[in-house]
């Protein structure tokens, strides 16, 4: 077993022990994953791939509140074709009443957050955007924010915006199997990203 995999298993085991034995520690683990920033003054709203039905409607609401004049949809894989997450996001946005001219679908072949971040960085530079409001699931905001901060050039800032339509509960995530898996995955994926995998 490689040192990286051993380290990942150790981190996951420690997280499991903390969640099972100490509720305050478990709450801290859950809250650490959630980053919520003020999106005011954004040039564009970015919707990361993933849970389209919970992320895209919140992005539409932010657009309708005047947070930003454009929405960028990214995410998916080539073999998904027209069903790639970015394209599904665009359809949900149009269904919510956004004009097609306000929606950019630039990324639709990125299966990872790091690859999505590279597309976001490229488009932000091309469009001369300096501030982005990034919509994703609450449990994904911390890791996605770190990855985006690393990928974006100096002068471009982000505001992470967790979708309230997602049921993730940082105060009781360990009580639900799906949420436990999401917490394990987020910390595991973060560690693998830091190790260069």
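Residue numbers (the working numbering): 1284 to 1480.
We put the CB at the ideal spot given by N, CA and C, even for glycine.
Local Cβ density within 10 Å of residue 1408, reported as buried at 16 or more and exposed below that
For the purposes of this step, residue 1408 is taken as the residue at position 125 of the chain shown. With fewer than 16 other Cβ atoms within 10 Å, it is exposed.
So what's residue 1369 in DSSP terms, helix, strand or just coil?
In the chain shown, the residue the question calls residue 1369 occupies position 86. Reduced to three states, the DSSP call for residue 1369 is helix.
Quick one: what does DSSP say residue 1392 is sitting in, helix, strand or coil?
Position 109 of the chain shown, counting from 1, holds the residue named residue 1392. DSSP places residue 1392 in coil when its eight states are reduced to three.
May I ask you to list the residues that DSSP assigns as paired with residue 1289?
Position 6 of the chain shown, counting from 1, holds the residue named residue 1289. Answer is none; residue 1289 lacks a bridge partner.
Residue 1316 vs residue 1453 beta-carbon contact at 9 Å:
Taking the chain shown and counting its residues from 1, one reaches residue 1316 at position 33. Taking the chain shown and counting its residues from 1, one reaches residue 1453 at position 170. Going by C-beta atoms, residue 1316 is nearer than 9 Å to residue 1453.
Between residue 1447 and residue 1354, what straight-line distance do the alpha-carbon atoms span, to the nearest angstrom?
Along the chain shown, one-based indexing puts residue 1447 at 164. Along the chain shown, one-based indexing puts residue 1354 at 71. Near 18 Å, if we compare the C-alpha coordinates of residue 1354 and residue 1447.
For residue 1414, which of helix, strand or coil comes out of DSSP?
Walking along the chain shown from the start, residue 1414 turns up at place 131. Of the three classes helix, strand and coil, the one that applies to residue 1414 here is strand, per DSSP.
Can you name, in chain order, every residue of its own chain whose Cβ lies under 8 Å from the Cβ of residue 1459, other than the five neighbours on each side?
If you number the chain shown from 1, residue 1459 lands on position 176. Taken in chain order, the residues that qualify are 1452.
Here's the rule: buried if 16 or more other CB atoms are within 10 angstroms of the residue's CB, otherwise exposed. What is residue 1433?
As a working mapping, residue 1433 is identified with position 150 in the chain shown. So residue 1433 counts as exposed.
Around the C-beta of residue 1366, are 16 or more other C-beta atoms found within 10 angstroms, so that it is buried, or is it exposed?
Residue 1366 sits at position 83 when you count from the first residue of the chain shown. By the neighbour-count rule (16 or more Cβ atoms within 10 Å), residue 1366 is not buried but exposed.
Alpha carbon to alpha carbon, what distance is there between residue 1330 and residue 1417?
The sequence position of residue 1417 within the chain shown is 134, counting from 1. The sequence position of residue 1330 within the chain shown is 47, counting from 1. Going by the C-alpha atoms only, they are around 6 Å apart.
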